[in-house]
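**Student:** Residue numbers (the working numbering), protein chains in the order written: chain A, 1156 to 1349; chain B, 248 to 498. Backbone N, C-alpha and C fix where the C-beta goes; we use that ideal spot for every residue, glycine too. All figures in this text were calculated on a predicted structure; none of them were measured in a lab. I'd like to ask some things about the structure below.
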């Protein structure tokens, strides 16, 4: 199920050449960027907002934001796919929070959307075998562990908000989050915070 | 806190669920260019990105691609995802349009070009306003006024957000000579001014300038504006017309 989606976001070795073309304001490069990552971005945003029309508006906003900010990404070492996905996710969570009038104490999602953080990431991360392994690893997690990761990533809930949503003590939620991340890393064969 | 104490929190930071004080500490390390934290957070962001890619696959509408290209003032080009009947339909439409235009006048082309320019301008404007709104609405945004006590002042405010950038809103700006432009500067407390973009005022003397990006607010003394040559300068070459001193913030 996951493979076609991953293949749809073809990102080859010329991913970084694409950044250069975007920085030179080549509109066709934006079309290619959409062809590579549009479906994954849309799938992610739809998973968050659960409304097709709103998801399309947010994906459009995401690509426009990338177009406007593309000069901030390193053309030599930047990974535009992961960066785009972070912007898409942040836009969707922002929408979710504003529509639910949910505010969190001084949390600014944009801090994980800075282009400088997307240097030296694997350029074809989204089509690598890692993506399928994460999917498989997520499915192997105990339901409560998978739930906390999904609530954090796809619904933008803080650990306190998860505690209320799941009716569990905050300490339990923190333990579940850490264990879930640890299990995910173990499953992927990566040491925690290696 | 040192990097060793923060490493267990990189994953939480990447998921936007790190708590205080670790979240601010990691942000400070990143703003300082800490290589250890930068590498750790990048690894965690890879995992977070991959979690995002596990969303159930969904197919956007055929129009979305065209909408995105139109939003940057670019018409749809031949899409590799267009079905074969789409090609036939498109070719037929193209022939009809070609015949129509061959018989028509150049005014349609000119009108289309004008509209395209307008769309491009408006898109850029919307992009700028979106950035400005994000800065103005950020919970960690601080503001500073300038020009309040001068007799003939440019007056206004600057808004500075550590993770989103700077917005300057000014009025009473004198018109610059034809070969000059305004340049904004971020003035660190103990380093050279950092260029923060060029802008022009409108005919009524008002201006809004947005400079997206991160700002190390505790290390920043002021935001300033000088008049420079059209191409801008690496360092100020004239006396600042605007200096907005930032309030002291705890590091």
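Between which residues of its own chain and residue 1226 (chain A) is the CB-CB distance below 8 Å, once the five residues before and five after are set aside?
**Tutor:** Position 71 of the first chain, counting from 1, holds the residue named residue 1226 (chain A). Result list for residue 1226 (chain A): 1178, in chain order.
**Student:** Among A:1290, A:1199, A:1310 and A:1233, which residue has its Cα nearest to the Cα of residue 1252 (chain A)?
**Tutor:** Within the first chain, residue 1252 (chain A) is the residue found at index 97, counting from 1. Closest by alpha carbon: A:1310.
**Student:** For residue 1165 (chain A), which residues of its own chain have a beta-carbon under 6 Å away from its beta-carbon, when the five flanking residues on both sides are left out?
**Tutor:** Here residue 1165 (chain A) corresponds to residue number 10 of the first chain, with the count starting at 1. Unreliable placement is indicated for residue 1165 (chain A), whose pLDDT of 36 sits below 50; no coordinate value is reported for it.
**Student:** Please confirm if residue 307 (chain B) has its CB atom under 8 Å from at least one CB of chain A.
**Tutor:** Taking the second chain and counting its residues from 1, one reaches residue 307 (chain B) at position 60. Residue 307 (chain B) counts as touching chain A.
**Student:** Within 8 Å (strictly less), CB to CB, does residue 1348 (chain A) reach chain B?
**Tutor:** To locate residue 1348 (chain A), count along the first chain from 1; it is residue 193. Interpretation of residue 1348 (chain A) is limited by its pLDDT of 40, a score under 50 that renders its predicted location unreliable; no figure is taken from the coordinates.
**Student:** Less than 8 Å between CB atoms is the rule here; does residue 389 (chain B) satisfy it with respect to chain A?
**Tutor:** Counted from its first residue, the second chain places residue 389 (chain B) at position 142. So, not an interface residue.
**Student:** Listing by chain order, which chain A residues have their CB less than 7 Å from the CB of residue 501 (chain B)?
**Tutor:** Absent from the model: residue 501 (chain B). The displayed extent of chain B is 248 to 498, so no value can be given.
**Student:** If you run the structure through DSSP and keep just helix, strand and coil, what is residue 1263 (chain A)?
**Tutor:** For the purposes of this step, residue 1263 (chain A) is taken as residue 108 along the first chain, with counting starting at 1. Low confidence applies to residue 1263 (chain A): its pLDDT is 48, below 50, so where it sits in the model is not reliable enough to give any reading.
**Student:** Could you tell me which chain B residues have their CB closer than 8 Å to the CB of residue 1314 (chain A), listed as they occur along the chain?
**Tutor:** Mapped onto the first chain, residue 1314 (chain A) falls at position 159. Chain B residues near residue 1314 (chain A): 264 and 266.
**Student:** For residue 1324 (chain A), would you say it is in contact with chain B, using Cβ-to-Cβ distances shorter than 8 Å as the test?
**Tutor:** By 1-based counting over the first chain, the position of residue 1324 (chain A) is 169. Taking Cβ atoms only, chain B never reaches closer than 8 Å to residue 1324 (chain A), which makes this a no.
**Student:** Could you name the residues of chain B that residue 1215 (chain A) contacts, counting a contact when the two beta carbons are closer than 8 Å?
**Tutor:** The residue labelled residue 1215 (chain A) in the question sits at position 60 within the first chain. 311, 314, 315 and 318, listed in chain order.
**Student:** Taking C-beta pairs closer than 7 Å, name the residues in chain B that residue 1189 (chain A) reaches, listed in chain order.
**Tutor:** Residue 1189 (chain A) sits at position 34 when you count from the first residue of the first chain. Ordered by position in chain B, the residues that pass the 7 Å Cβ test against residue 1189 (chain A) are 312 and 315.
**Student:** Less than 8 Å between the C-beta atoms of residue 305 (chain B) and residue 1343 (chain A), yes or no?
**Tutor:** Against the second chain, residue 305 (chain B) aligns to sequence position 58. Against the first chain, residue 1343 (chain A) aligns to sequence position 188. No; because the gap between Cβ atoms is not below 8 Å, this pair is not in contact.
**Student:** Buried or exposed: which applies to residue 392 (chain B), given that a residue is buried once 16 or more other Cβ atoms fall within 10 Å of its Cβ?
**Tutor:** Locating residue 392 (chain B) in the second chain gives position 145, counting from the first residue. Label assigned to residue 392 (chain B): exposed.
**Student:** Taking Cβ to Cβ, would you say residue 419 (chain B) is nearer than 8 Å to residue 402 (chain B)?
**Tutor:** Residue mapping note: residue 419 (chain B) aligns to position 172 of the second chain, counting from 1. Residue mapping note: residue 402 (chain B) aligns to position 155 of the second chain, counting from 1. Yes, Cβ-Cβ distance for residue 419 (chain B) and residue 402 (chain B) is below 8 Å.
**Student:** Since I believe residue 1222 (chain A) is in contact with residue 1185 (chain A) (beta carbons under 8 Å), could you give me their beta-carbon distance rounded to a whole number of angstroms?
**Tutor:** Against the first chain, residue 1185 (chain A) aligns to sequence position 30. Against the first chain, residue 1222 (chain A) aligns to sequence position 67. Confirmed, about 6 Å.
**Student:** If the criterion is Cβ atoms closer than 8 Å, does the pair residue 1318 (chain A) and residue 1324 (chain A) meet it?
**Tutor:** By one-based count along the first chain, residue 1318 (chain A) stands at place 163. By one-based count along the first chain, residue 1324 (chain A) stands at place 169. Yes, Cβ-Cβ distance for residue 1318 (chain A) and residue 1324 (chain A) is below 8 Å.
**Student:** So who's on the other strand from residue 432 (chain B), going by DSSP bridges?
**Tutor:** Mapped onto the second chain, residue 432 (chain B) falls at position 185. In the DSSP output, where bridge partners are listed per residue, residue 432 (chain B) has B:442 and B:471.
**Student:** Beta carbon of residue 1332 (chain A), beta carbon of residue 264 (chain B): below 8 Å?
**Tutor:** For the purposes of this step, residue 1332 (chain A) is identified with residue 177 of the first chain, where counting begins at 1. For the purposes of this step, residue 264 (chain B) is identified with residue 17 of the second chain, where counting begins at 1. In this structure, residue 264 (chain B) lies closer than 8 Å to residue 1332 (chain A) by Cβ.
**Student:** Within its chain, find whatever has a CB closer than 7 Å to the CB of residue 292 (chain B); leave out the 5 residues flanking it on each side and keep chain order.
**Tutor:** Here the question's residue 292 (chain B) lines up with position 45 in the second chain. These residues qualify, in order along the chain: 261.
**Student:** What do you reckon, are the CB atoms on residue 1244 (chain A) and residue 1203 (chain A) nearer than 8 Å?
**Tutor:** Working through the first chain from its first residue, we reach residue 1244 (chain A) at position 89. Working through the first chain from its first residue, we reach residue 1203 (chain A) at position 48. Yes, these two residues count as a Cβ contact at 8 Å.
**Student:** Any idea if residue 278 (chain B) is buried or exposed, counting beta-carbon neighbours within 10 angstroms, 16 or more meaning buried?
**Tutor:** The residue labelled residue 278 (chain B) in the question sits at position 31 within the second chain. Flag for residue 278 (chain B) reads buried.
**Student:** Does the Cβ-Cβ distance between residue 311 (chain B) and residue 1216 (chain A) come in under 8 Å?
**Tutor:** Position 64 of the second chain, counting from 1, holds the residue named residue 311 (chain B). Position 61 of the first chain, counting from 1, holds the residue named residue 1216 (chain A). The Cβ atoms of residue 311 (chain B) and residue 1216 (chain A) lie no closer than 8 Å to each other.
**Student:** What number of angstroms, rounded off, separates the C-alpha of residue 427 (chain B) from the C-alpha of residue 443 (chain B)?
**Tutor:** Taking the first residue of the second chain as position 1, residue 427 (chain B) is located at position 180. Taking the first residue of the second chain as position 1, residue 443 (chain B) is located at position 196. Approximately 16 Å, taken between the alpha carbons.
**Student:** Considering only their Cβ atoms, is the gap separating residue 434 (chain B) from residue 470 (chain B) smaller than 8 Å?
**Tutor:** If you number the second chain from 1, residue 470 (chain B) lands on position 223. If you number the second chain from 1, residue 434 (chain B) lands on position 187. Yes; because the gap between Cβ atoms is below 8 Å, this pair is in contact.
**Student:** Could you pull out every unbroken alpha helix (DSSP H) segment of at least 4 residues lying fully inside the segment 1221-1258 of chain A, listed in chain order?
**Tutor:** 1235-1254
**Student:** Are residue 1170 (chain A) and residue 1248 (chain A) touching if we call contact CB-CB under 8 Å?
**Tutor:** Position 15 of the first chain, counting from 1, holds the residue named residue 1170 (chain A). Position 93 of the first chain, counting from 1, holds the residue named residue 1248 (chain A). No, Cβ-Cβ distance for residue 1170 (chain A) and residue 1248 (chain A) is not below 8 Å.
**Student:** Quick check on residue 248 (chain B): buried or exposed, where buried means 16 or more other Cβ atoms within 10 Å of its Cβ?
**Tutor:** Locating residue 248 (chain B) in the second chain gives position 1, where the first residue counts as 1. By the 10 Å Cβ count, residue 248 (chain B) comes out exposed.
**Student:** Taking CB distances under 8 Å as the criterion, tell me whether residue 467 (chain B) reaches chain A.
**Tutor:** On the second chain, position 220 is the one that residue 467 (chain B) refers to. It does not: the Cβ of residue 467 (chain B) has no partner Cβ on chain A nearer than 8 Å.
**Student:** In chain order, what residues of the same chain have a beta carbon less than 7 Å from the beta carbon of residue 375 (chain B), not counting five sequence neighbours either side?
**Tutor:** Here residue 375 (chain B) refers to the residue found at position 128 when the second chain is read from its first residue. Cβ neighbours of residue 375 (chain B) beyond the five flanking positions: 457.
**Student:** If we ignore side chains and look at the alpha-carbon of each, how far apart do residue 1312 (chain A) and residue 1224 (chain A) end up?
**Tutor:** For the purposes of this step, residue 1312 (chain A) is identified with residue 157 of the first chain, where counting begins at 1. For the purposes of this step, residue 1224 (chain A) is identified with residue 69 of the first chain, where counting begins at 1. CA-CA distance, residue 1312 (chain A) to residue 1224 (chain A), rounds to 27 Å.
**Student:** How should residue 303 (chain B) be labelled, buried or exposed, when 16 other C-beta atoms within 10 angstroms of its C-beta is the threshold for buried?
**Tutor:** On the second chain, residue 303 (chain B) is found 56 positions in, with the first residue counted as 1. Exposed.
**Student:** Hey, is residue 445 (chain B)'s beta-carbon within less than 8 Å of any beta-carbon in chain A?
**Tutor:** The sequence position of residue 445 (chain B) within the second chain is 198, counting from 1. Not closer than 8 Å to any Cβ of chain A, the Cβ of residue 445 (chain B) fails to qualify, so no.
**Student:** State the start and end residues of the unbroken beta strand (DSSP E) segment that holds residue 392 (chain B).
**Tutor:** As a first step, residue 392 (chain B) must be located in the second chain, where it is residue number 145. Where residue 392 (chain B) is concerned, the enclosing beta strand (DSSP E) stretches over 389-393.
**Student:** May I ask which residues mark the beginning and end of the alpha helix (DSSP H) holding residue 1298 (chain A)?
**Tutor:** In the first chain, the residue the question calls residue 1298 (chain A) occupies position 143. It spans 1298-1310 - the alpha helix (DSSP H) in which residue 1298 (chain A) sits, taken as one unbroken run.
**Student:** Along chain B, which residues have their Cβ under 7 Å away from the Cβ of residue 1311 (chain A)?
**Tutor:** The residue given as residue 1311 (chain A) occupies position 156 in the first chain. What residue 1311 (chain A) touches in chain B, judged by beta-carbon distance under 7 Å, is 263, going in chain order.
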